[in-house]
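First comes the structure, then the notes that go with it.
Protein chains: 6
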Amino acid sequence: MVYLTRKAEFAASHYYHNPEFTPEQNRALFGKCNNPNGHGHNYTLEVTVKGSVDPTSGFVVDLKQLKDVMNREVLDAMDHRFLNKEVPEFLHQIPTTENIAIAIWQRLAPKLKAAQLHRVRVYETPDLFVDFYGEA
Amino acid sequence: MVYLTRKAEFAASHYYHNPEFTPEQNRALFGKCNNPNGHGHNYTLEVTVKGSVDPTSGFVVDLKQLKDVMNREVLDAMDHRFLNKEVPEFLHQIPTTENIAIAIWQRLAPKLKAAQLHRVRVYETPDLFVDFYGEA
Amino acid sequence: MVYLTRKAEFAASHYYHNPEFTPEQNRALFGKCNNPNGHGHNYTLEVTVKGSVDPTSGFVVDLKQLKDVMNREVLDAMDHRFLNKEVPEFLHQIPTTENIAIAIWQRLAPKLKAAQLHRVRVYETPDLFVDFYGEA
Amino acid sequence: MVYLTRKAEFAASHYYHNPEFTPEQNRALFGKCNNPNGHGHNYTLEVTVKGSVDPTSGFVVDLKQLKDVMNREVLDAMDHRFLNKEVPEFLHQIPTTENIAIAIWQRLAPKLKAAQLHRVRVYETPDLFVDFYGEA
Amino acid sequence: MVYLTRKAEFAASHYYHNPEFTPEQNRALFGKCNNPNGHGHNYTLEVTVKGSVDPTSGFVVDLKQLKDVMNREVLDAMDHRFLNKEVPEFLHQIPTTENIAIAIWQRLAPKLKAAQLHRVRVYETPDLFVDFYGEA
Amino acid sequence: MVYLTRKAEFAASHYYHNPEFTPEQNRALFGKCNNPNGHGHNYTLEVTVKGSVDPTSGFVVDLKQLKDVMNREVLDAMDHRFLNKEVPEFLHQIPTTENIAIAIWQRLAPKLKAAQLHRVRVYETPDLFVDFYGEA
C-alpha cells in the first residue's frame, strides 16, 4: 500500500459572505474577505491516492489519468474563475478553503478508478491549508 | 553601499481587458485572463532599497519605517482588492504584472527617505515575476 | 471533519546541555549544539486543528481566534528569546525540537475551543522537523 | 510519542521499461520516461521515525546516527547513480517513485534501533511524491 | 523598461568527462559526477527578457509566445534526455551548469522578437545556479 | 563571463545593541532584537563568483574549492555561534544582516582565486535579505 500525491495550482477569486447575516455581522466575522468585488489566491491543490503497486508498471496509479481527472474535474472548473459566481458548489455555499477542499473531494472521488482517493489538501496561501479525508 | 530587500504578500483579483479591442481580440490576446468576473493571485512583492550602512545602527534603512511605508502605500491599497475596480492606477490601465510593478514603484519612490528605492519585484505566481528599476 | 493548518515563524536561540553529564559527555552527544552561548534558528510552527465545518461561516475555526491563541501562548513567549533562559519549560528541560513541540502542544491544547488540536509540527530547519499529536 | 523527520537529497537517473511489453506498449504507458538513455531528478527523501523522548537527551533519535544510516544505506547507493543499472533492487524492477520509496524502507527499517521507522517519503519533483508506511 | 522572468523545469541526466584527461584526472576533478552511466537533476530554468511595456496589452512580451519559444527551443530538446548523448551542444562539450546556461542563451536569443533576452539562469539544484547575460 | 552561485546555511544567534545609546534609545530603535540574551536565525548565504568558463573543465570555478573556502572562512566561524560574543567582527560592531554580508565579503574576497567574488547575499529570514557587491 503506497500513497501518491500530485500537486497542481489554480488561480481564482472569491469572497466570504453569508446572506443571512447583517452587513455588520459579515464584516465582523469575515473582515476584508467580505469585500464583494472579490480578491484572489494562487491555490495549491494536493491530491493523494492510495493503492497497491501494479508490478507490471511500478505505478499505484497512471499519472496521465490522474492528471486528466484533476484537470477535467477541478482545474477546468475553478482556474481563472470567480468561485462565488461561476462554480456551482459556491453559488449557495461560502467558498472557504474548508468548503473548497470538500467540493474537490466530491468531484474527484467518483472519477478515480484503480487507486482510491485518500486526501485532498488545499493551500489558500503558503501559510494556510486544509486537509479533507472524506470523513463524515 | 548595500542593498536590502523586504518581501510582503497580498491577495488580489484582476482581469485583462482593453476596451478598444473587440471581444475576439481580447479573448485571443488575453485568453482566460479576459474573464470579466476576475480571478486572483497571492502576489509576492519584493522591495529593494540601497544606501550606505549607518554605523550607529548597522542599518541601511529602519525596517519598521520600510514596513510602514510598504503597508500604507501598497498593501492597504491592493490587498484583498479587485485591482481593476478599486485601485486608481488600474481604472484605465490593464493590471498586468508589469503595470503593477511600475505602479508600486511610483507609490514607494517618493516616500522613502534615508535609503533609495532600487528595485520592485512582483511575483504573480512562483513561476512568473517582473522587475522594475525606475528606468524610463 | 476537516483539518486546518496555520503556519507561523519565530526566531529563537537555544543550546543543548544536560547538567548531569560530564563536559565530555555533553560534547560527545550534542556536538556544536552544546555551545553555552547559544545559537539560533528561524523555527516554523504548523498548528493543525480538526473539527466539522460550521455551515454559517464555512469555517472549522475562526482564523482570527486561532492566530490570537498562537500569538499569545507561543510567539509572545518564544519569539526573540533564548529558550534555555527565558521560557519556563526549558529552565530544567533541554529545548530540543521534540521538547519544543510537546511544550507548544501543552500551551495550545487547553486554549482551543471550537476546534480540537490535532498536531503540532515544528521545523528547526527546512530539513528537520518534529510532529506531536498529544499521544502519551 | 513524537515523530521526527529528516530530509536529504540525491541526484540520480532512471528510465521506465518493462521487458515483457512490446516497444509500443512501453511507449504508450511510459511516454518520454521510456527513453533508455535515462533522464534524472533531484530526489528529496524524507525519513520519519517515531518513539518516545529520551529524558536525558531530549531526543527521540540520535540525529548523527540517523544521518549515518541514511547516508550509508541510501545515499551512498543511489546518489549520482543510474538506478536501473547500478542499484540492485532496480536491475529487475522498474525504478518508479513508488518502488524507490519501498526499496528505501526495506534498506532502512532493519538498521534503525532506538526509534522505529514510520514513513518514507520520496519526491521525484516538487509536484510529485510517494509515501510508504511499510503496510503490506 | 521592465524585466519579465518565466520559470520552467526539465529533468535530464548528464555526466562530466574530458576525453583528453586520464581516468585519474577525470576522477580527481569531477568526482562522482564522472560516473559514465550518468545521474540526473530537475533543472530549473529562468528566462528573463527586457523591453518596454506595450500600452495596448500591458505586456513586455506575449507570454504564450515566450512559453512556445522556451518549449520548442529548450524543453523539447533537453527534457527527459541524457544531455551528453542526445543534445548536440554536449556531444563534444561538458554539460556543466555553466555550459547549459550558455547553450540555452544561444538557442533562445535569435528566436525572441519583441523583447530582448536579458538573462538565462539555470539551477542544477536548489543550492547551485548559474547566470549568463550573453557577455563575451 | 558567467556567474555561479552556491548557497549554504548557518544557524547563529545575535542581538542588536549600541553601547553609546541609552537603554531607551536601544529599545526604541532595536525593539525585541535588543534582548541581550540573543535570539537566532537560520541564515542562508549565497556566494556568487564570476569568470570565464575553463574549456577543459566547463567550470568557472572548482566547486570543491569554493565549498572549502566558504566552509573554512565563514561557516566554521559563524555556524552555531553567538555572533556578538564569538565572531571578531561583531565584538565592536552590530551584527545586522548588512554588517554580516560585508564581513562575509571581506573574509571571502582575498581567498578566491580563479574566479572573482561578485556578490554576497545573506537571508536573515526568507522575507529579508541583503546584497553586497564590494562597492564602497
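If you're matching them up, the sequences are chains U, Y, D, X, W and C in order.
Heads up: the first sequence begins at 1 in the numbering used here, then just goes up one per residue.
Heads up: the second sequence begins at 1001 in the numbering used here, then just goes up one per residue.
Heads up: the third sequence begins at 2001 in the numbering used here, then just goes up one per residue.
Heads up: the fourth sequence begins at 3001 in the numbering used here, then just goes up one per residue.
Heads up: the fifth sequence begins at 4001 in the numbering used here, then just goes up one per residue.
Heads up: the sixth sequence begins at 5001 in the numbering used here, then just goes up one per residue.
Idealized CB from N, CA, C, for every residue including glycine.
- Annotated three-state conformation of Q4025 (chain W) is helix, per DSSP.
- Taken through DSSP and simplified to helix, strand or coil, A5077 (chain C) comes out as helix.
- Distances from the CA of T97 (chain U) to each of U:E73, U:L128 and U:K50 were compared; the closest alpha carbon is that of U:L128.
- Contact between the stretch 102–109 of chain U and the stretch 26–42 of chain U is absent, with fewer than three C-beta pairs closer than 8 Å.
- If you draw a 10 Å sphere on the C-beta of H5014 (chain C), you find 16 or more other C-beta atoms in it, and that means buried.
- The distance from the Cβ of A2012 (chain D) to that of R2081 (chain D) is about 5 Å, consistent with a contact at the 8 Å cut-off.
- Rounded to whole angstroms, V3060 (chain X) and G3051 (chain X) show a C-alpha spacing of 6 Å.
- G4058 (chain W) places its beta carbon 9 Å or farther from that of Y1133 (chain Y).
- For L3108 (chain X), the number of other beta carbons within 10 angstroms of its own is at least 16, and it is reported as buried.
- From the beta-carbon of L1128 (chain Y), no residue of chain C is found nearer than 9 Å; the closest lies around 19 Å away.
- Under DSSP, the beta-bridge partners assigned to G4051 (chain W) are W:V4002.
- Listed along chain U are V53 and G58, each with a C-beta nearer than 7 Å to that of N3099 (chain X).
- For the 9 Å CB-CB criterion, R121 (chain U) and L66 (chain U) do not form a contact.
- For K5032 (chain C), the C-beta contacts it makes with chain D under 8 Å involve D2079 and H2080, in order along the chain.
- Going by C-alpha positions, N5018 (chain C) is about 28 Å away from E5046 (chain C).
- Closer than 9 Å to the CB of L1091 (chain Y) there is not a single CB belonging to chain W.
- Under a 10 Å Cβ-count criterion, T22 (chain U) is classified as exposed, with fewer than 16 other Cβ atoms of the shown protein chains found around its own Cβ.
- Distances from the CA of K111 (chain U) to each of U:D54, U:D62, U:E73 and U:Y123 were compared; the closest alpha carbon is that of U:E73.
- Setting aside the 5 residues that flank it on each side, N4034 (chain W) is surrounded in the same chain by Y4015, Y4016, H4017, N4026 and R4027, each with a C-beta closer than 7 Å to its C-beta; the list follows chain order.
- Using a Cβ-Cβ cut-off of 9 Å, T2125 (chain D) is close to E5009, A5011 and N5042 of chain C, given in chain order.
- Per DSSP, reduced to three states, the secondary structure at D3127 (chain X) is coil, with no helix or strand assignment.
- A Cβ-Cβ contact shorter than 9 Å links V3049 (chain X) with L3117 (chain X).
- Relative to the Cα of R119 (chain U), the nearest Cα in the group U:K113, U:P126, U:T125 and U:D131 belongs to U:D131.
- Boundaries of the alpha helix (DSSP H) harbouring E2086 (chain D): L2083 to E2086, taken from the DSSP string.
- The DSSP-derived three-state label of Q116 (chain U) is strand.
- In the structure shown, V122 (chain U) adopts extended strand secondary structure according to DSSP, grouped into three states.
- In its chain, beyond the 5 residues on either side, F2010, A2012 and V2087 have a beta carbon closer than 7 Å to the beta carbon of M2078 (chain D).
- Annotation: M4070 (chain W) to G2031 (chain D) spans about 48 Å, alpha carbon to alpha carbon.
- The Cβ atoms of D62 (chain U) and L3029 (chain X) lie closer than 9 Å to each other.
- Contact check for A4136 (chain W) against M5001 (chain C) passes: the beta carbons are separated by less than 9 Å.
- Close CB contacts of E5089 (chain C) within its chain, under the 6 Å cut and outside five residues either way in sequence, are with A5103 (chain order).
- When C-alpha distances from K113 (chain U) are compared across U:P55, U:T56, U:P126 and U:D68, the shortest belongs to U:D68.
- Against chain D, a Cβ distance below 8 Å from I94 (chain U) picks out S2057 and G2058.
- In chain order, A12, S13, H14, F90, P95 and I100 place their CB closer than 8 Å to the CB of L83 (chain U), counting only its own chain and leaving out the 5 sequence neighbours on each side.
- At a cut-off of 9 Å between C-beta atoms, E2135 (chain D) does not count as an interface residue with respect to chain C.
- DSSP, reduced to helix, strand and coil, places F5010 (chain C) within a strand of the structure shown.
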